[in-house]
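Heads up: the sequence shown is residues 829 to 1038, going by the working numbering.
Quick reminder that beta carbons are idealized off the backbone N, C-alpha and C, glycines included.
Because the structure is a prediction, the values reported are computed rather than measured.
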Amino acid sequence: MDQSFNSRLLDTAVAELAKLPGIGSKTALRLALHLLRQDKSAALDLGNSIIKMRENIKYCHKCHNISESDICPICGDSRRNHAVVCVVENVKDVITVESTGEHRGVYHVLGGVISPLDGVSPADLEIESLVERVQNDNIEEVILALSPTMEGDTTNFYIYRKLAHLPVKITMLARGLSIGNELEYADELTLSRSIRNRMLFSDTFHDKKH
């Protein structure tokens, strides 16, 4: 049931806050009232930071991670191993993998996974740009670090088929991760071990034939 707080401005603010993921109407009201209790400068700082973020953050031309410039800090870091590319679903997964300190290569953000039920096809993802990177950038290894879900596995296999003819090592995270779990919810120790003990992707489906 819609709520009315005897203030159109408060109603509007609560409605907008409630559009954020994981924020219900009660939490939205609590946040709005909290902002009203703060000094006006606090609300202005919050609003300005969101506006600046939306206007100035873009996507890296090379890996599609978020960036404030055409090339993100990771791709622009000469200390990283640019011959090893870790393929992830989204920006949150870059943050998750980085938190382990285990991967010292670079990334490629797909922007999702193949999911016909949700209307997401390979053409909607940054798969062709990955193929181009492997062809043109002397990539030695591609680590498939997608969540171990049906959609993640489907996307892994599709990418493997697209890269199989190229001289590149294709690996995937060791299955220390629980099947069906999202990568971002894995604890750092489990994820670190999964990266460190990664396996050849081809071995995963060869084993299934026996």
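**Complete beta strand (DSSP E) runs within the segment 952 to 1027 (minimum length 3 residues, chain order)** = 969 to 972 and 997 to 1000
**Prompt:** Are there three or more Cβ pairs, one per stretch, closer than 8 Å when the segment 921 to 935 is compared with the segment 976 to 992?
**Reply:** no
**Close beta carbons around Val941, own chain, < 8 Å, minus the five adjacent residues each side** = Glu917, Val948, Leu953, Leu974, Ser975, Thr977, Glu979, Gly980, Thr982 and Thr983
**Item:** His931 (DSSP reduced to helix, strand or coil)
**Value:** coil
**Message:** Suppose the cutoff is 7 Å on Cβ atoms and the five residues either side in sequence are ignored; what does the same chain contact list for Leu1001 look like?
**Reply:** Ala973, Ser1022, Ile1023 and Arg1026
**Asked** What do you reckon, are the CB atoms on Val785 and Ile998 nearer than 7 Å?
**Response** Shown here, the chain extends from 829 to 1038; a query on residue 785 therefore has no answer.
**Prompt:** By how many angstroms is the C-alpha of Val912 removed from the C-alpha of Gly875?
**Reply:** 39 Å
**Prompt:** Straight-line CA distance for Arg908 to Pro901?
**Reply:** 10 Å
**Item:** Cα-Cα separation between Leu845 and Leu1028, rounded to whole angstroms
**Value:** 45 Å
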